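Visitor: Numbering (my numbering), first residue to last: 4 to 126.
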Amino acid sequence: GFGKLVLDHPKSMHLYIFIAAALPIPDDPLWIALGMSGKKINFPRCILWAWAGKNVTTIFYVLFPILILLGFTATGIEVSDISSVITESIMLLTTLAIMQFILTFNWEKFLTKKSEERLSNSE
4 GFGKLVLDHP
14 KSMHLYIFIA
24 AALPIPDDPL
34 WIALGMSGKK
44 INFPRCILWA
54 WAGKNVTTIF
64 YVLFPILILL
74 GFTATGIEVS
84 DISSVITESI
94 MLLTTLAIMQ
104 FILTFNWEKF
114 LTKKSEERLS
124 NSE
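(1) Which residue from S92, A53, L66, L70 puts its Cα closest to that of A23?
(2) Are L122 and L8 touching if we call contact CB-CB under 8 Å?
(3) G56 and I20: beta carbons closer than 8 Å?
(4) Could you spell out the range, first to last residue, of the alpha helix (DSSP H) harbouring N124?
(5) Runs of 4 residues minimum, wholly inside the region 23-79: which ones carry the alpha helix (DSSP H) assignment?
(6) Check H12 in the structure and name its three-state DSSP category.
(7) Starting from the C-beta of I105, find all residues in its chain whose C-beta is less than 8 Å away, skip the five residues before and the five after it, and write them out in chain order.
(8) With A36 and L10 assumed to form a contact (beta carbons below 8 Å), what rounded beta-carbon distance in angstroms separates them?
(9) To the nearest angstrom, report how far apart Y64 and E126 are at their CA atoms.
(10) Among G41, L70, M16, K43, which residue has its Cα nearest to the Cα of L51?
(11) Do you know offhand how far I89's Cα is from T98's?
Below is the structure:
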């Protein structure tokens, strides 16, 4: 997972921490892998990147309904209780679909294949 990816690519570590924090996946295994590694890690900097990722997620969850509401009113569509419920349902289903994809996708196989391709291209 992300822990192995971070330990294998220390130069991109902060980007991976940011991505893990911004996605709706558990990032605890990443922190466990970082803590158990024997590498010297600047934890305040890592926590700063994780905080930034969590802020991106929070801002998205807060602003997305507002942007949808502004989009509906800007296009002349009348916003009522029914359209609000429909919009929230669509947002919930979209979020669940994205989470289902993230959790069921075989990331280890994908990353192994990509690293093998990168190694074969560099030879």
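Glycine is no exception: its CB is placed at the ideal position from the N, C-alpha and C atoms. Predicted, not measured: the structure shown is a model, and the values here were computed from it.
Guide: Quick look at the numbers:
(1) Closest by alpha carbon: A53.
(2) The beta carbons of L122 and L8 sit no closer together than 8 Å.
(3) Yes, Cβ-Cβ distance for G56 and I20 is below 8 Å.
(4) That run of the alpha helix (DSSP H) goes 110-125.
(5) If we require 4 residues or more, the alpha helix (DSSP H) runs fully inside the region 23-79 come out as 31-39, 46-77.
(6) H12 sits in coil when the DSSP states are folded into three classes, being neither helix nor strand.
(7) Taking I105 as the centre and dropping the five residues before and after it, the same chain places the C-beta of L26, P27, I28 closer than 8 Å to its C-beta, in chain order.
(8) At roughly 6 Å, the Cβ-Cβ gap stays under 8 Å, so A36 and L10 are in contact.
(9) Between the alpha carbons of Y64 and E126 lies a distance of about 44 Å.
(10) Nearest of G41, L70, M16, K43 to L51, Cα basis: M16.
(11) If I take the Cα positions, the gap works out to 14 Å.
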